[in-house]
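Chemist: Quick one: the structure is below, and I'll ask about it shortly.
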Amino acid sequence: MHIEKNVCDSIIGTLLEIPGKNKDGIAARLDLLNMGVKTDLQPEYGERRTRLPPGPWNLSRAEKREVCNSFYGMKVPEGYSSNIKNLVSLQDSRLLGLKSHDCHTLMQQLLHVAIRSILEKPARYTITRLCFFFNAICAKTVDVSKLDKLEEDVVVTLCLLEKYFPPSFFDIMVHLVVHLVREVRLCGPVYFRWMYPFERYMKVLKGYVQNRTRPEGCIAERYIAEEAVEFCTQHLSDVSTVGVPSSQKMGVSKPLSGCTNTEEVLPYIEQHMIHIRTAYPKFRNRTKWLQDKHNSTFIQWLRFKVQSELEEDNHGVSENLRWLAASPNMAVPLYRSYLIKGIKFNIKAQDDVRTTQNSGVYLLAHTMQVASAKDKNSILSNMGFYGVIQEIWDLDYQKFTIPVFRCDWIDSSGLVVDELGFTLVDLSKIGHRNDQFVLASQVKQIFFVDDPMHRDWSVVLSMPNREYNDVIGDEVLGDVIIECEPFTRGMPNVDTFDELVGELGGQNIRGGCENIWIE
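Here the sequence shown stands for residues 1 to 519, where the numbers follow UniProt numbering.
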């Protein structure tokens, strides 16, 4: 984790020219001159000041402002990281006060999004490759058979960095990146050994201190008091845990007609499809018509089917299925926020007034796909849907409740995957208006970051998989894999870099930067 922090500080400090963290300077340019490489970047001495020609790593003032504005506008889910906005100084075009976990989130997902519109393509891709490496090395599960390839890729990445960064950039911390794969091979996944959970808990312990002359006593007394209260709540009924806020009820509306996507209902869905094909033999080969007919008539058919089975002696209908077929209560409470399996979801209106973003969702569904409205050769396959929560409904089936989300789903025309595997969406293109509802248990939380390269588009990023200690019961969260995520495809192909770099080799790349002057 400290290697990742130091590498992140070096990259951001060099790009934004942060004093004390910038690896560029007169000494670095003289090193290039002594090594006989990039001689066009040697210092030019004047009467009053020394001029440093712009190198591949230098940004113009406009590019620095663009990077800082990109970080300043990022809204991430609650619990993902600290507020990135508080780390940005727009006046100085710098990032200040970066902690180790801030650098971790930047290197994992945010940095290579912020630099999408700056630098020359080879230099930008090289930094992106390094970010992909840290994301792969910190994964929850590691494929041992791919470690050799990952080790080769990081060596190539560091060699590419030598083309576009000064020699002073490569200190001992950058060199230690090469040994991270070997460490994983010997010791296992990284998250078993990093200190982020303990550092987070240290902040909790620091908050216990009320008397600064006796910090240890304050921590001990407060810890014992909270343990006693937690122990007492386990023996009291209808008592909420201290410090856990309750969701706010917003109003009532009409309910859904029923919940039809549970394991107990799946056999009845198959029976109903057979019933439709038998009742309408002329349409048995028209998959889309059969699916629409199923969606419009299944609830009524299920209600009569369950009632007829209940009249039999050994019906085998479960209690849950009986209440599902009976339809929910007609009064449905709406919520602004909902906590599901330890993950907080908000509606879009709630996110608009907060500094966090918890309204983005992703659904991987096995559904029918057609090329156009006239396409009669539809196929059934897995398809990903990206959306924004507009309403949270809590359906009351008397014996249990089922939360569902009403979402604005992105139309397929507003979904693009770029050459690096980033998923870009246009949030203004809304589709699937006839099927907006989804079970809360079926979606995975994602968030959207404005794309600096294309202003009308947003980059889709997913919440990282939960750590080993973030487990509720026997169920580990975060097992749904987001398709078209850049880090699931691995690093950009090394062979394409020869085409990107072309004849540049190790020569200087001038990206329209103004001159740098040192007094």
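Glycine included, C-beta positions come from ideal geometry on N, C-alpha and C.
Going by DSSP, name the residue or residues bridged to Asp366.
Modeler: By one-based count along the sequence shown, residue 366 stands at place 366. Before going further, note that residue 366 is His rather than Asp in the sequence given. BP columns for His366 point to Asn382.
Chemist: For Thr278, does the three-state DSSP call read helix, strand or coil?
Modeler: Taking the sequence shown and counting its residues from 1, one reaches residue 278 at position 278. Of the three classes helix, strand and coil, the one that applies to Thr278 here is helix, per DSSP.
Chemist: Just to confirm my understanding: we take residue 545, look at its own chain, exclude 5 residues before and 5 after, and list those with CB closer than 6 Å. What are they?
Modeler: The first residue shown for the chain is 1 and the last is 519, placing residue 545 beyond what the model contains.
Chemist: Going by DSSP in three states, Trp301 sits in which element: helix, strand or coil?
Modeler: The sequence position of residue 301 within the sequence shown is 301, counting from 1. If DSSP states are grouped into helix, strand and coil, Trp301 belongs with the helices.
Chemist: Could you please give the first and the last residue of the uninterrupted alpha helix (DSSP H) stretch that includes Asn135?
Modeler: For the purposes of this step, residue 135 is taken as the residue at position 135 of the sequence shown. Run containing Asn135: 121-137, per the alpha helix (DSSP H) assignment.
Chemist: Between Ser462 and Lys444, which are expected to be in contact by the criterion C-beta below 8 Å, what is the C-beta distance as a whole number of angstroms?
Modeler: Walking along the sequence shown from the start, residue 462 turns up at place 462. Walking along the sequence shown from the start, residue 444 turns up at place 444. 7 Å between Cβ atoms; contact.
Chemist: For Ala349, is the classification buried or exposed, using 16 other Cβ atoms within 10 angstroms of its Cβ as the cut-off for buried?
Modeler: Position 349 of the sequence shown, counted from the start, is the residue given in the question as residue 349. Exposed, since its Cβ has fewer than 16 Cβ neighbours within 10 Å.
Chemist: Could you tell me which residues DSSP puts in a beta bridge with Lys23?
Modeler: For the purposes of this step, residue 23 is identified with residue 23 of the sequence shown, where counting begins at 1. DSSP, once it has assigned bridges, lists no residue as partnering Lys23.
Chemist: What's the C-alpha gap between Lys344 and Leu415?
Modeler: If you number the sequence shown from 1, residue 344 lands on position 344. If you number the sequence shown from 1, residue 415 lands on position 415. Near 25 Å, if we compare the C-alpha coordinates of Leu415 and Lys344.
Chemist: Under the assumption that Lys23 contacts Gly13 (Cβ atoms under 8 Å), give the Cβ distance between them as a whole number of angstroms.
Modeler: Here the question's residue 23 lines up with position 23 in the sequence shown. Here the question's residue 13 lines up with position 13 in the sequence shown. The Cβ separation is near 7 Å, so the contact holds.
Chemist: In whole angstroms, give me the CA-to-CA distance for Arg406 and Ala220.
Modeler: Locating residue 406 in the sequence shown gives position 406, counting from the first residue. Locating residue 220 in the sequence shown gives position 220, counting from the first residue. Whole-angstrom Cα-Cα distance: 46 Å.
Chemist: Considering only C-alpha positions, which residue in the set Leu59, Val67, Leu95, Val76 is nearest to Lys21?
Modeler: To locate residue 21, count along the sequence shown from 1; it is residue 21. Among Leu59, Val67, Leu95, Val76, the Cα nearest to that of Lys21 belongs to Leu95.
Chemist: Alpha carbon to alpha carbon, what distance is there between Leu321 and Asp313?
Modeler: On the sequence shown, position 313 is the one that residue 313 refers to. On the sequence shown, position 321 is the one that residue 321 refers to. About 17 Å.
Chemist: State the start and end residues of the unbroken beta strand (DSSP E) segment that holds Arg51.
Modeler: What you label residue 51 is simply residue 51 of the sequence shown in a count that begins at 1. That run of the beta strand (DSSP E) goes 50-52.
Chemist: What does a CB cutoff of less than 7 Å around Met195 pick up in its chain, not counting 5 residues either side in sequence?
Modeler: For the purposes of this step, residue 195 is taken as residue 195 along the sequence shown, with counting starting at 1. Excluding sequence neighbours, Met195 sits near Met1.
Chemist: What residue from Pro77, Ile224, Cys8, Gln210 has the CA that sits closest to Phe169's CA?
Modeler: For the purposes of this step, residue 169 is taken as the residue at position 169 of the sequence shown. Phe169 has its Cα closest to that of Cys8, out of Pro77, Ile224, Cys8, Gln210.
Chemist: Going straight from the alpha carbon of residue 526 to that of Gly431, what length do you get?
Modeler: With the chain covering 1 to 519 only, the question about residue 526 has no answer from this structure.
Chemist: State the DSSP-derived secondary structure class of Trp289, mapped to helix, strand or coil.
Modeler: Stepping through the sequence shown from its first residue, residue 289 is reached at position 289. In this structure, Trp289 counts as helix in the three-state DSSP scheme.
Chemist: Assuming Cys68 and Ser93 make a contact with CB atoms under 8 Å, what is their CB distance in whole Å?
Modeler: Working through the sequence shown from its first residue, we reach residue 68 at position 68. Working through the sequence shown from its first residue, we reach residue 93 at position 93. The pair is a contact, with the Cβ atoms about 5 Å apart (cut-off 8 Å).
Chemist: Please report the straight-line C-alpha distance between Leu150 and Val181, rounded to a whole angstrom.
Modeler: For the purposes of this step, residue 150 is taken as the residue at position 150 of the sequence shown. For the purposes of this step, residue 181 is taken as the residue at position 181 of the sequence shown. Approximately 7 Å, taken between the alpha carbons.
Chemist: With DSSP run on the structure shown, which of helix, strand or coil describes Asn6?
Modeler: In the sequence shown, residue 6 corresponds to position 6, counting from 1. If DSSP states are grouped into helix, strand and coil, Asn6 belongs with the helices.
Chemist: Decide yes or no for the touch test of the region 110-119 against the region 60-79: beta carbon pairs closer than 8 Å, at least 3 of them.
Modeler: Flag = yes, the region 110-119 and the region 60-79 touch.
Chemist: Spell out the partners DSSP gives Glu227 in its beta bridges.
Modeler: For the purposes of this step, residue 227 is taken as the residue at position 227 of the sequence shown. In DSSP, Glu227 forms no bridge with anything.
Chemist: Leaving aside the five residues before and after Ser10 along the sequence, list all residues of the same chain whose C-beta is less than 8 Å from its C-beta, in chain order.
Modeler: Taking the first residue of the sequence shown as 1, we reach residue 10 at position 10. So the qualifying residues of the chain are Lys21, Lys23, Phe169, Asp171, Met173, Val174.
Chemist: Classify Ser441 as buried or exposed, calling it buried when 16 or more other Cβ atoms lie within 10 Å of its own Cβ.
Modeler: Residue 441 sits at position 441 when you count from the first residue of the sequence shown. Exposed is the call here.
Chemist: Starting from the Cα of Lys341, find the closest Cα among Pro403, Asp418, His315 and give me that residue.
Modeler: Counting from 1 along the sequence shown, the entry for residue 341 is found at position 341. Ranking Pro403, Asp418, His315 by Cα distance to Lys341 puts Pro403 first.
Chemist: Just checking, does the region 417-425 make contact with the region 41-61 on the three C-beta pairs under 8 Å criterion?
Modeler: With a cut-off of 8 Å, the region 41-61 and the region 417-425 do not count as touching, because too few Cβ pairs lie within range.
Chemist: Are the CB atoms of Phe134 and Gln109 within a distance shorter than 8 Å?
Modeler: Position 109 of the sequence shown, counted from the start, is the residue given in the question as residue 109. Position 134 of the sequence shown, counted from the start, is the residue given in the question as residue 134. Contact: no.
Chemist: Could you say if the region 322-338 and the region 288-307 meet the contact criterion of at least three C-beta pairs nearer than 8 Å?
Modeler: Yes, the region 322-338 touches the region 288-307.
Chemist: Look at Thr126 and Thr105 and say whether their C-beta atoms are less than 8 Å apart.
Modeler: In the sequence shown, residue 126 corresponds to position 126, counting from 1. In the sequence shown, residue 105 corresponds to position 105, counting from 1. Against a cut-off of 8 Å, the Cβ pair of Thr105 and Thr126 comes out as no contact.
Chemist: From His308 to Ile446, what distance separates their C-alpha atoms?
Modeler: As a first step, residue 308 must be located in the sequence shown, where it is residue number 308. As a first step, residue 446 must be located in the sequence shown, where it is residue number 446. In the sequence as presented, His is not what sits at residue 308; that position holds Ser. Going by the C-alpha atoms only, they are around 43 Å apart.
Chemist: Going by CA-CA distance only, name the one from Leu266, Ser381, Glu78, Thr213 that's closest to Ser359.
Modeler: Working through the sequence shown from its first residue, we reach residue 359 at position 359. Nearest C-alpha to Ser359: Glu78.
Chemist: For His272, count neighbouring C-beta atoms within 10 Å of its own C-beta (all shown protein chains included) and say buried if the count is 16 or more, exposed if not.
Modeler: Numbered from its first residue, the sequence shown carries residue 272 at position 272. It is buried - the Cβ of His272 has at least 16 other Cβ atoms within 10 Å.
Chemist: In this structure, what does DSSP give as the bridge partners for Glu44?
Modeler: The residue given as residue 44 occupies position 44 in the sequence shown. Partner(s): Arg51.
Chemist: Would you say Trp393 and Leu334 are within 8 Å of each other, going by their C-beta atoms?
Modeler: The residue labelled residue 393 in the question sits at position 393 within the sequence shown. The residue labelled residue 334 in the question sits at position 334 within the sequence shown. Result yes, Cβ atoms of Trp393 and Leu334 sit closer than 8 Å.
Chemist: Under 8 Å, do Arg277 and Leu266 count as touching if we go by C-beta distance?
Modeler: Locating residue 277 in the sequence shown gives position 277, counting from the first residue. Locating residue 266 in the sequence shown gives position 266, counting from the first residue. For Arg277 and Leu266, no; Cβs fall outside 8 Å.
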